[in-house]
């Protein structure tokens, strides 16, 4: 299992979703991807895309104003662990 990172901060919609889709296509089943995004609508669009494509949404965190979305390619759909939104 490989762990990858995709930083799409500063990119506006639909680029973050397109970049996420491109990166996932390059990954093997079971690989993990940490997507970092700062714009809330982009975060929401990425999450919708991940769930629609039936990848596993492992964790969502807000760290220093940026959203860190951890996914696993083609995993089971589970409830994500959400933190850092106090």
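In the UniProt record's numbering, the protein residues as written are 1 to 86. C-beta atoms are modelled at their ideal positions from N, C-alpha and C, and glycine is treated no differently.
Query	Result
Reduced DSSP secondary structure (H/G/I, E/B, other) of residue 46	helix
For residue 13 and residue 33, the rounded distance between their alpha carbons	19 angstroms
Beta-carbon proximity check, residue 72 vs residue 56, cutoff 7 angstroms	yes
Exposed unless 16 or more other CB atoms sit within 10 angstroms - verdict on residue 3	exposed
For residue 37, the residue or residues it bridges with in DSSP	67
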